[in-house]
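**Q** Sharing a structure below in structure tokens format, with a few things to ask.
Residue numbers (this note's numbering), protein chains in the order written: chain E, 176 to 586; chain W, 176 to 586.
Right, dumping it as structure tokens:
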């Protein structure tokens, strides 16, 4: 039995006409002899509408009940699409999270998949051509409804593909694939034919919101080939896959950025063991994710601690720090919301040096001041002033040869 | 453990303000020491909206998928209400059909409840003050989602009360209870304090749409006291209960009517054994419910067959009869849609005669022609011309003493 898993996002299932396009794609794969397992998102806008409704009823809605509410979006999608597919003559049925089951832990609103009953799915595929699975949802071991977090339908798709050992997991969306950078920011942006899981992880975490980051982790863990492509064109899209030699020859795969950044500097804290923990433990307990962290070399027994967070958490973070001030004996707490991150990503960096210094030189040439630097094996990130974002992205994109023309930067 | 089951209809849960009123009622019962199991309908208008959406996707939607779709309405209701109740400090959670489970047969869109896991509910009631159950829905033995037909949340409520041996099942709606007749038609209509299951069954089947008929059958079978009352007033409502001596003293409890009637007459069919079956078997096979049936005494080996059906089935029925014409050698097939049913209902009729003749006399006095007559132990129904409906209802209501004044009709 040859199986393909396809996942269709919210814009692909919004309304009858678009669902007909989805149906045509499925029929095509079925005609080629494949069995299909199709994960659907809620129609675009639906989940936001439900969340807004919840907030009308409760300032801080119970997470378990929130999951009961928002899963209705995917439930409606699969029911409507299955009606359509059945009328077209396919042997098809819908499956909700609890019917497979997709078992998760009990972290409501951000659950993780623990197990998928693949043998149940395989036995259903004896009787059906297509199984239409509600994305984003699962059940915990007590049978309570859970969801996998924003973009969780991607993870549903990849997890189904892993469990069924499918040939491929196709993620259908409204863009043609993964680009070297944001085409809205840089018209020279080029679609990538292939990208490694690791590069894709860096792209996702940087806000190039093509795939939910957990779905990429899962794809990497189970070595599931993932093809990101558009529902609305015939472009083959981008294959997200394991690294190969060819990829390593490419030094830089893309330029990512993230505007949702906010820099906080805590001045002149005591440079003693435990001061970082004293600052960051209370912030983490408040559920605030800290992104970049820099601790300058101390002088006179004091140091500066600088870090970035998402802008929505600024007020809460400042209030936490204000309470901590006596304990950490900080002089001053400064913040700046007019900052952004720019990253150069590429698995080739693993075996080549010089990308970082090239990046710094290119930014200096444009008089762009670097506020913070962070590096990983395959990524170099600079925090810069937000007003230089576009310039920085275009400069780096051109210089590292990501557009159609020849590379400017020589490493 | 003293348990009350409450069911709230679509108008009672439509929006935040009304849900707050529901919450206040539940808190009141909880303060009296009761554990509560609360069945909720979808917000009013929601189910119709979902059905219209389904028809947009399929002319004849797959019933199993239709159930997956429409159950999202109740799912949203219970999630939103539970958020509200939890914020108010109650120990509360929602339960979907599959989580209890409420097991039904596999007749999608009109399933019947086979079993409710009461021990699961009882064990949950050790930990929770209030369980909020999605009405209308269940699962079959394969775990597929089912629904109980229009008004099915009433049946959910009564079935829960039966399974839990609750003190009472309170059905909250937007009217104060069961009336002697439709107050919109007859201003003298009076709310009944009590009504027997059998009378209520006659009311329901006659289109006095206060309770789903199956919920009344179930209440009768398990002797569940059902109180029909308004969410929006303090009126104690109407108790639907088993017959007692007091009730038998009341000759007539109410006047029901049904405008969704259509009369068909098949003229001069062969008066041979099997002719009724030849006519009605094909109609039944088409899923059309025949209501009243009259076969006149034949002459010359021929007879007339007259019956009534719902108006939506007229075209289909006429086309079936047209095909049957050669076989039953009918002269002519006539129909009339300007007819309606008026019924006098009362358990007292079991022990008293004369109600029928009084009804006929009263209608004759007003020059209302009786087109057909049907009787049961506790009901007499006349088919009359639709234009006389209001006059007939008012006349009978006054004459049988159902209003505030003294009875006019003496039996």
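Glycine included, C-beta positions come from ideal geometry on N, C-alpha and C.
1. Comparing alpha-carbon positions, which option in E:468, E:329, E:219 and E:285 lies nearest residue 180 of chain E?
2. Skipping 5 residues on each side, what residues in its chain have a beta carbon closer than 8 Å to that of residue 260 of chain W?
3. Under the DSSP definition of a beta bridge, which residues are partnered with residue 429 of chain W?
4. Is it buried or exposed for residue 483 of chain W, if we count other Cβ within 10 angstroms and need 16 for buried?
5. Provide the residue(s) that pair with residue 478 of chain W in DSSP beta bridges, ordered along the chain.
6. Let me make sure I understand the geometry here. Which of E:439, E:459 and E:346 has the alpha-carbon closest to that of residue 486 of chain E?
7. If I measure Cβ to Cβ from residue 195 of chain W and keep anything under 8 Å in the same chain, skipping five residues before and after, which residues do I get?
8. Comparing alpha-carbon positions, which option in E:216, E:264, E:210 and E:286 lies nearest residue 242 of chain E?
9. May I ask you to list, following chain order, the residues of the region 227-244 of chain W that have a beta carbon less than 9 Å from some beta carbon of chain E?
10. Just the C-alpha distance for residue 389 of chain E and residue 396 of chain E, rounded to the nearest angstrom, thanks.
11. Using three-state DSSP, classify residue 587 of chain E as helix, strand or coil.
12. What number of angstroms, rounded off, separates the C-alpha of residue 433 of chain W from the C-alpha of residue 215 of chain E?
13. Helix, strand or coil for residue 563 of chain W per DSSP?
14. Could you compute how far the alpha carbon of residue 364 of chain W sits from the alpha carbon of residue 547 of chain W?
15. For residue 502 of chain E, count neighbouring C-beta atoms within 10 Å of its own C-beta (all shown protein chains included) and say buried if the count is 16 or more, exposed if not.
16. Rounded C-beta distance between residue 461 of chain E and residue 399 of chain E? I'm assuming under 8 Å.
17. DSSP on residue 196 of chain E, reduced to helix/strand/coil?
18. Does residue 273 of chain E come within less than 9 Å of chain W when only Cβ atoms are used?
19. Can you tell me where the beta strand (DSSP E) holding residue 322 of chain E begins and where it ends?
20. Taking the straight line between their C-alpha atoms, what separation do you get for residue 372 of chain W and residue 290 of chain W?
21. When the Cα atoms are used, what is the spatial distance from residue 473 of chain W to residue 464 of chain W?
22. List the residues of chain W that residue 262 of chain E touches, going by C-beta distances under 7 Å, in chain order.
23. So, residue 353 of chain E versus residue 370 of chain E, is the Cβ gap smaller than 9 Å?
24. Just checking: is the beta-carbon of residue 318 of chain W within a distance shorter than 9 Å of some beta-carbon in chain E?
25. Taking the beta strand (DSSP E) that residue 495 of chain W belongs to, which residues open and close that run?
26. As an exercise, report each continuous alpha helix (DSSP H) stretch of at least 4 residues that is fully enclosed by the region 214-292 of chain W, in chain order.
27. In angstroms with no decimal places, state the Cα-to-Cα distance between residue 436 of chain W and residue 298 of chain E.
28. Throw me the rounded Cβ distance for the residue 217 of chain E and residue 190 of chain E pair, which I believe falls under 8 Å.
29. By how many angstroms is the C-alpha of residue 378 of chain W removed from the C-alpha of residue 536 of chain W?
30. Hey, could you find the ends of the beta strand (DSSP E) residue 345 of chain W is sitting in?
31. For residue 510 of chain E, list the residues DSSP reports as bridge partners.
32. Starting from residue 257 of chain W, find everything on chain E with Cβ-Cβ shorter than 8 Å and list it in chain order.
33. What's the C-alpha gap between residue 457 of chain E and residue 489 of chain E?
34. Between residue 441 of chain E and the rest of its own chain, which residues show a CB-CB distance below 6 Å, the 5 nearest in sequence each way excluded?
35. Helix, strand or coil: which one does DSSP assign to residue 183 of chain E?
**A** In short:
1. E:329
2. 198, 201, 267, 305 and 307
3. W:520
4. buried
5. W:444
6. E:439
7. 259
8. E:286
9. 228, 229, 231, 232, 233, 234, 235, 236, 237, 239, 240, 241, 242, 243 and 244
10. 10 Å
11. There is simply no residue 587 of chain E to check, as chain E begins at 176 and stops at 586 in what is shown.
12. 44 Å
13. helix
14. 25 Å
15. exposed
16. Between residue 399 of chain E and residue 461 of chain E the Cβ distance is about 35 Å, and since that is not below 8 Å, they are no contact.
17. helix
18. yes
19. 320-322
20. 22 Å
21. 25 Å
22. 233
23. yes
24. yes
25. Not the beta strand (DSSP E): residue 495 of chain W falls in the alpha helix (DSSP H), residues 489-503.
26. 221-232 and 238-262
27. 49 Å
28. 13 Å between Cβ atoms; not a contact.
29. 23 Å
30. 343-348
31. E:439
32. 237, 240 and 243
33. 14 Å
34. 480, 505 and 508
35. strand
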